[in-house]
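Data first, discussion second: the structure below is written as C-alpha cells.
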Amino acid sequence: MCNTVRRALLQGALAAAALLSTATASAADPQPQYGGVLTAILNPEPPNLNVALQQVGTTQMVAGKIYESLLTYSFDLKPQPSLAKSWEVSPDQLTYTFHLQPNVSWHDGKPFSADDVVFTYTKVLANTPRTRTLMANVESVTAPDPQTVVFRLKQPYSAFLYAFDIGGGVILPKHLYDVDTPMAQNPHNNAPVGTGPFKFKHWERGSYIELVKNPAYWKEGRPYLDGITYRVIPDAASRRLALEQGTVQQAWLQDIEPFDIPRVSKLPHINTTQKGFEYWSTMHWIELNGARKPMDDKRFRQAIMYALNRDFITEKIMFGMGTVATGPLHHNTRFYDANVKRYPYDPEKAIALLDEMGLKPDAKGVRVRLGLIPNPYGEMQRRIAEYTKQNLGKVGIEVNIENTDVGGWTTRMGNWDFDMAYNGVFQYGDPAIGVSRTYVSSNIKKGLPFTNTSQYSNPKVDELFEQASRATSDEERQKLYTEVQQILVEDVPLAWINDTNYSIFLDKRVHDAVTTGLGAVDTYADAWMSK
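The numbering used here puts the first residue of the sequence shown at 17, with every later residue one more than the last.
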C-alpha cells in the first residue's frame, strides 16, 4: 500500500480521535456557554446564498453556517469530518468510500441521505467552475445504502480529498433542487435550507441577513450561539466604528481598511488572527482578456507586469496585507516554487516591449486605451485601481475605470466582457483544485466566472497540470508544478499582484469561532460568546 493511501486511511479512520485529542488539550480553556447572537460585518452583500452558483467570499461565509460539505480541513490542511464521519481509499486510489453522519436532517425536517450527495455531485456540482475539474475524473457516484457514498475515479487524482470544502462541495437538498425550476431561479437560493448548525430566517436586502440556531443539529450539544446576524455595512468608516463600539463582533478579509488595521488590532476588546486562511490562500491579480488585442501578445502582458509598482500596492495601499506575488501559486500553497523569472518595477522595460510591438504613442502619449474593472470589495480596491491607472498611464496605456457591483463584476468576467479586471481568487489547498482551473484550456467556459476567463491556452501547460494531478508522489508533483510555474511566469496570462495575508477580527467575548483552515467560512458550530 502506498504512503498516500495509508495516510488517507489513517486520516479517515482516526479523524474523530484527533478531534477528541484536541478537545482534551483544551480542557483548561473557559467552558462554553449557551446563548447570545454573534453580529458580523457583511461587505459586500452577496448576490445569493447558493454556494454552488456563487463563489464570492461573502456567499461562502454566510452559507457555510447553513449548508455543509462532506469534509472540512485543519490548519495544517488535513481532511477532517463534516457530513462524512469517516472515509476509506482503495489501494489503487480509484475508489473513495464516505460514511455519513447518522441522524442528520435538513432544516425543513426531511432526512438527509446519500441520495442528496449523489444528486448534488452528479446534477449540480459537475457543472460548476470549482468542481468541474474534480468531476471530470469521476467515473461514478453511487449510494449503496443511505449512509454511504462511493466515488469511483477514472484514474488517480492526487488532490481528490482536498476538494470537499463548502465552496466546492456544498451539499444541496435533492427534494428542493431536483425540480423543473432552473437552478438559477430556485427560490431557495435566497432562502436556503441546509443541514448546518444555523437556519436561515430572514434577508432584508441592503440591511442584514439573520440566521437562527438549528435545535435539531446532528452534532450533539451544538451550536452554542442562538444565532448569527450579518449586517450589510458598505462604508469603511462605519465598519470600523461598528467594531470599535462593539455593535458587531466580527470583521474579516477587507472589512477593515488596511491603514486602520494597526489601530483596530490594539483595541482592548478585539482579538486579531491570521489563522483561518490556510485553505484559501487568496491571490490578487489583474485578469487580462487574451482574446482581445493587444492582450493576446505576451510582450504586452509582460509590459504590464514591469509597469506596475506591485511593491507600492502591497506596502503602501494594502499596508503589508500581502506579499508581492512571484507567479501563479500563493507562497502558502503546496508545491510553490520561488525560483522563477521576476518582474521588478521597471517602466523603461515596459516601454521597450511596447515599442517592440509597434505600439507607438500618439500626440497625447497614448499607445492604447483599455477598460479596467476594479474588484468591488471596498475603498482599498478602488485605490488600487486608481494607482494602476496611474502606473499604466506612465507607459502610454490609458485606462478607463469601469465600476460595477459584485453581480456585474462576476457576470462581466464570466462573459468575457472586459479588457482588464481585478480579481481575488482562492487556491483551495492544492494546485489541482484552485490553480489549474485558471489556466487549463478545458476550463475556458463562457458564462462562468472564476474559470479560465482570460482564455489562456497552452497545450504544454494543460499537459503538465494533467500529469501533476495524476502523479502519486509529492516529489513527482513538485517537479511538474515547478515546470508549469516557470512557463506561466514567462507567458504572463494574468498580471499577478500579491499573495494576500488577511486577518479576522473577533470581539474577545467570542470563543472557538476560528477552529479550522476555513476560518470564518466554516460552520461556527463550536463558537460561543461569554456573557
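Built from N, CA and C at the ideal position, the CB exists for glycine as well. Here the structure is a predicted model, which is why all the values come from computation and not from measurement.
Report yes if the CB atom of residue i is closer than 8 Å to the CB atom of residue j, and no otherwise.
i: THR349; j: GLN443; result: yes
i: ASP181; j: THR289; result: no
i: ARG247; j: ILE272; result: no
i: ASN514; j: ALA341; result: yes
i: VAL186; j: PHE114; result: no
i: LEU227; j: ILE244; result: yes
i: THR211; j: LEU99; result: yes
i: PRO3; j: TYR438; result: This structure does not reach residue 3, given that the chain is present from 17 up to 547, and the question cannot be answered.
i: PHE316; j: GLN71; result: no
i: VAL500; j: PHE481; result: yes
i: TRP301; j: ALA511; result: yes
i: ALA487; j: TRP268; result: no
i: VAL384; j: ILE413; result: yes
i: THR454; j: MET429; result: no
i: LEU370; j: ALA319; result: yes
i: PRO213; j: TYR233; result: yes
i: GLY338; j: ASN59; result: no
i: VAL105; j: TYR112; result: yes
i: LYS295; j: GLY125; result: Correcting the residue identity first, residue 295 is Tyr in this sequence and not Lys. Cβ distance not < 8 Å, so TYR295 and GLY125 don't count as in contact.
i: ARG15; j: ILE503; result: What is shown of the chain runs 17 to 547, which leaves residue 15 out entirely.
i: PRO172; j: LEU93; result: no
i: THR559; j: LYS81; result: This structure cannot settle anything about residue 559, because the visible part of the chain is limited to 17 through 547.
i: HIS346; j: MET299; result: yes
i: ASP131; j: ALA159; result: yes
i: ARG493; j: SER297; result: no
i: MET199; j: VAL140; result: yes
i: TYR322; j: TYR359; result: yes
i: TYR240; j: PRO48; result: yes
i: MET545; j: GLY52; result: yes
i: ASP478; j: VAL456; result: yes
i: PHE335; j: PRO377; result: no
i: PRO447; j: THR420; result: no
i: GLN167; j: LYS291; result: The identity of residue 167 in the sequence shown is Phe, whereas the question assumes Gln. No.
Does the beta carbon of residue i fall short of 7 Å from some heavy atom of the ligand ZN?
i: TYR393; result: This structure does not include the ligand ZN; it has no bound ligands of any sort.
According to DSSP, which residues form a beta bridge with residue i?
i: PRO97; result: LEU87
i: TYR438; result: ILE302
i: ILE9; result: Past the edges of the chain, shown from 17 to 547, lies residue 9, and the structure says nothing about it.
i: THR288; result: PHE521
i: ARG308; result: Bridge partners of ARG308: none, in fact.
i: ILE413; result: VAL384
i: MET114; result: Residue identity check: residue 114 is Phe in the sequence provided, not Met. PHE114 is bridged to TRP103, VAL165.
i: GLU220; result: TYR224
i: PRO127; result: SER121
i: GLY338; result: THR516
i: ASP267; result: As written in the sequence, residue 267 is Ala, which differs from the Asp given in the question. Per DSSP, PHE521.
i: ASP151; result: The sequence shown places Met at residue 151, not Asp. Beta-bridge pairing links MET151 to no other residue.
i: ILE389; result: ALA437
i: PHE135; result: Paired residue(s): none; PHE135 is not in a bridge.
i: ARG215; result: First, the residue type needs correcting, since residue 215 is Lys and not Arg in the sequence shown. Per DSSP, VAL228.
i: MET321; result: Beta-bridge pairing links MET321 to no other residue.
i: MET545; result: VAL526
Would you mind giving the Cβ-Cβ distance between residue i and residue j, rounded to the nearest angstrom? I have them listed as a contact below 8 Å.
i: VAL264; j: THR55; result: 5 Å
i: TYR178; j: ILE449; result: 6 Å
i: LYS314; j: VAL508; result: 6 Å
i: ASN287; j: ASN64; result: Wrong, their Cβ atoms sit about 31 Å apart, outside the cutoff.
i: HIS285; j: LYS547; result: That pair is no contact at about 14 Å.
i: GLY184; j: THR147; result: 5 Å
i: ASN407; j: LEU324; result: 5 Å
i: ARG221; j: ASP542; result: Between ASP542 and ARG221 the Cβ distance is about 30 Å, and since that is not below 8 Å, they are no contact.
i: THR404; j: VAL415; result: 7 Å
i: SER129; j: PRO97; result: Not a contact, Cβ separation roughly 17 Å.
i: GLN266; j: LEU522; result: 6 Å
i: ILE57; j: ILE249; result: 5 Å
i: HIS123; j: LYS215; result: 5 Å
Assess, as a yes-or-no matter, whether the region 430-446 is touched by the region 364-372 under the definition of 3 or more beta carbon pairs within less than 8 Å. no
In chain order, which beta strand (DSSP E) runs of at least 3 residues are fully inside the region 458-543? 510-516, 520-523
Hey, is the region 456-475 in contact with the region 183-191, meaning 3+ C-beta pairs nearer than 8 Å? no
Please give me, in chain order, every unbroken run of the alpha helix (DSSP H) with length at least 4 that falls completely inside the region 154-198. 182-185, 190-193
So, does the region 216-225 touch the region 526-533, judging by three or more C-beta pairs under 8 Å? no
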